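These notes are about the structure you will find just below.
Protein chains: 2
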Amino acid sequence: MNPNKISFYLRGMLSLTEENYLKAIFHLSPAGNHVSLNELSKALGIKMSTVTAMMKKLSQKGLLEYATYKPVNLTEQGRIEAALVIRRHRLTEMFLVEVMEFSWDQVHEIAEQMEHIRSSVFFDKMDTILGHPSTDPHGSPIPDKDGKIKKRKEKMLSECKEGDEVKISSVRQGSDEFLRFLSQRKLHLGLALTVKKIEPFDGSMRISIPGRRQEFLSRDVCEKLMVAFS
Amino acid sequence: MNPNKISFYLRGMLSLTEENYLKAIFHLSPAGNHVSLNELSKALGIKMSTVTAMMKKLSQKGLLEYATYKPVNLTEQGRIEAALVIRRHRLTEMFLVEVMEFSWDQVHEIAEQMEHIRSSVFFDKMDTILGHPSTDPHGSPIPDKDGKIKKRKEKMLSECKEGDEVKISSVRQGSDEFLRFLSQRKLHLGLALTVKKIEPFDGSMRISIPGRRQEFLSRDVCEKLMVAFS
DNA sequence: TAAAAAAGTTAGACTAATCTAACAATTATA
DNA sequence: TATAATTGTTAGATTAGTCTAACTTTTTTA
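Each protein sequence line maps, in turn, to chains A and B. Take the first sequence: its letter number 211 is residue 220 in our numbering, and every next letter is one higher. Take the second sequence: its letter number 78 is residue 87 in our numbering, and every next letter is one higher.
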């Protein structure tokens, strides 16, 4: 066997591809609900037939529960493995932003590759350098070394009611375009805001931010911004 | 195609595996001489039949020159590609040591994986942070962005000190007799060796060569062997 | 509820990278 | 130089991950 490949299969015996499937399932249902193969297929950009085959394999390995014509869900072990991939991804993003001074819209692609690096010392070192951060640059929680994730009580901004005082805690669906928009409007993580008015006909919001004029956000934006009560 | 894989084939269209072959050939003959498939097979830990197949493929891609039963050598393009892999490897090693404070013996394995990351900004950033270093932590030169490598000054083996890890880079005064001696002792160009002990009274050396027993070389021999830091 | 649409499965094929085993060419050596 | 050892090649098989195409099951909808 290629010695370069050996290291790829030591920890947990998961291939890069398998890790990506687990991660995708986790992201499609962070709460641990069942995920349809169709969703998964679309999320990964891989044909359903291939996904079916992989589900059998991962089920065989005890990482998820699968029965024909049924949606899948991760086993405890599968969730842990997925969470560890996400841990590496988010630690990397944090490292890229905090230590290497990348902007937060540049880091995803790189982290996508680095998350598969086989070296626990490497990620441990990042963790230490960063002072054991609890979230990544987008505000998403970083799972701990056992794959446990602290639940944050956050919700979509669109679920808030008038008068709520909240802080932007994370961003759902962080496409480059959206991140650029946020940056342009100076809507950064941790920003405190108050919901002033919700337009009933289109769900858009008028919000106030200390030191600024009131601003409007479309329902679309409100559904992508996650907030927590401060 | 798997979108995760797409990014793997953008730059230069080389797979991780192909990059590893090019790198290995380069390391076996930094000076650009021919490399036998047997050497390559051993260096990579891959069976000769597989190596033969890959040589055809890389030759097809214009990265090396290959004819059946003949040793190979890299084309200009092949050398550049190899040098760029090595650039990424060495920049990474330097970064791991200088910025992340790893010790020099921990970094190789990690760099081995990071060198294949597809992101020029990532390595550019490392380069900037490190202040455009010219060598890695082991003293090996870092190729520039065009794959050009500064010629290293070689010196007589006799000028080395204990602990130096060098490669035989050339031979001074190549009398037939001396060349025969070298061949008999299997001291060929490119051979990596470590200076273990220098006898103060006669300048003879005890050296170690991977995979062999320690050997002794007289001062005479040490003055005729030119070496470079690998 | 029957027909249509969507989701899921199976079979068969392909590619990259590997292997083993048999054979061929080259090089070293007795 | 004949023979042995080493090096290199070819053919055929394997594995992981992917695909297309035909088919089946489940879900939606008219």
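Every residue gets a Cβ at the ideal spot worked out from N, C-alpha and C, and that includes glycine. All figures in this text were calculated on a predicted structure; none of them were measured in a lab.
Where residue i meets chain B, residues with beta-carbon distance less than 7 Å
{"i": "residue 115 (chain A)", "result": "130"}
Terminal residues of the beta strand (DSSP E) in which residue i lies
{"i": "residue 235 (chain B)", "result": "234-238"}
{"i": "residue 226 (chain A)", "result": "224-226"}
{"i": "residue 174 (chain A)", "result": "174-180"}
Bridge-paired residues (DSSP) for residue i
{"i": "residue 206 (chain A)", "result": "A:215"}
{"i": "residue 165 (chain A)", "result": "A:235"}
{"i": "residue 82 (chain A)", "result": "A:74"}
{"i": "residue 150 (chain A)", "result": "A:144"}
Where residue i falls: helix, strand or coil (DSSP)
{"i": "residue 76 (chain A)", "result": "coil"}
{"i": "residue 40 (chain B)", "result": "coil"}
{"i": "residue 187 (chain A)", "result": "helix"}
{"i": "residue 19 (chain B)", "result": "With a pLDDT of 38 at residue 19 (chain B), under the threshold of 50, the modelled position of this residue cannot be trusted; read the value that follows with caution. Residue state, collapsed to three classes: coil."}
{"i": "residue 144 (chain B)", "result": "strand"}
{"i": "residue 200 (chain A)", "result": "coil"}
{"i": "residue 139 (chain B)", "result": "coil"}
{"i": "residue 87 (chain A)", "result": "helix"}
{"i": "residue 63 (chain B)", "result": "helix"}
{"i": "residue 108 (chain A)", "result": "coil"}
{"i": "residue 192 (chain A)", "result": "helix"}
{"i": "residue 45 (chain A)", "result": "coil"}
{"i": "residue 96 (chain A)", "result": "helix"}
{"i": "residue 126 (chain A)", "result": "coil"}
{"i": "residue 229 (chain B)", "result": "helix"}
{"i": "residue 68 (chain A)", "result": "helix"}
{"i": "residue 171 (chain A)", "result": "coil"}
{"i": "residue 158 (chain B)", "result": "coil"}
Straight-line gap, residue i to residue j (C-alpha atoms, nearest Å)
{"i": "residue 237 (chain A)", "j": "residue 53 (chain B)", "result": "53 Å"}
{"i": "residue 22 (chain A)", "j": "residue 164 (chain A)", "result": "36 Å"}
{"i": "residue 123 (chain A)", "j": "residue 181 (chain A)", "result": "22 Å"}
{"i": "residue 228 (chain A)", "j": "residue 191 (chain A)", "result": "14 Å"}
{"i": "residue 152 (chain A)", "j": "residue 95 (chain A)", "result": "7 Å"}
{"i": "residue 174 (chain B)", "j": "residue 218 (chain B)", "result": "10 Å"}
{"i": "residue 118 (chain B)", "j": "residue 235 (chain B)", "result": "29 Å"}
{"i": "residue 108 (chain A)", "j": "residue 135 (chain B)", "result": "11 Å"}
{"i": "residue 28 (chain A)", "j": "residue 125 (chain A)", "result": "8 Å"}
{"i": "residue 223 (chain B)", "j": "residue 40 (chain B)", "result": "26 Å"}
{"i": "residue 88 (chain A)", "j": "residue 81 (chain A)", "result": "12 Å"}
{"i": "residue 99 (chain B)", "j": "residue 130 (chain A)", "result": "19 Å"}
{"i": "residue 76 (chain A)", "j": "residue 141 (chain B)", "result": "55 Å"}
{"i": "residue 90 (chain A)", "j": "residue 31 (chain A)", "result": "7 Å"}
{"i": "residue 33 (chain B)", "j": "residue 49 (chain B)", "result": "7 Å"}
{"i": "residue 62 (chain B)", "j": "residue 43 (chain B)", "result": "18 Å"}
Amino acids of chain A, ordered along the chain, whose beta-carbon sits closer than 8 Å to that of residue i
{"i": "residue 111 (chain B)", "result": "130, 134"}
{"i": "residue 123 (chain B)", "result": "123, 126"}
{"i": "residue 102 (chain B)", "result": "In chain order: nothing, as chain A lies at least about 13 Å away."}
Residue i, enclosing alpha helix (DSSP H) - first and last residue
{"i": "residue 117 (chain B)", "result": "116-123"}
{"i": "residue 55 (chain B)", "result": "Here residue 55 (chain B) belongs to no alpha helix (DSSP H), and DSSP marks it neither H nor E."}
Listed by chain order, chain B residues near residue i by CB distance under 9 Å
{"i": "residue 138 (chain A)", "result": "108, 109, 110"}
{"i": "residue 186 (chain A)", "result": "Within 9 Å Cβ-Cβ: nothing; residue 186 (chain A) doesn't reach chain B, min ~17 Å."}
Per-residue contacts from residue i into chain A (C-beta, under 9 Å)
{"i": "residue 89 (chain B)", "result": "Going along chain A, no residue has its Cβ under 9 Å from residue 89 (chain B), so there is no contact; the nearest lies around 21 Å."}
Neighbour list for residue i in chain B, Cβ cutoff strictly below 8 Å
{"i": "residue 171 (chain A)", "result": "In chain order: nothing, as chain B lies at least about 41 Å away."}
{"i": "residue 168 (chain A)", "result": "Those within 8 Å of residue 168 (chain A) in chain B number zero; the least Cβ separation is about 31 Å."}
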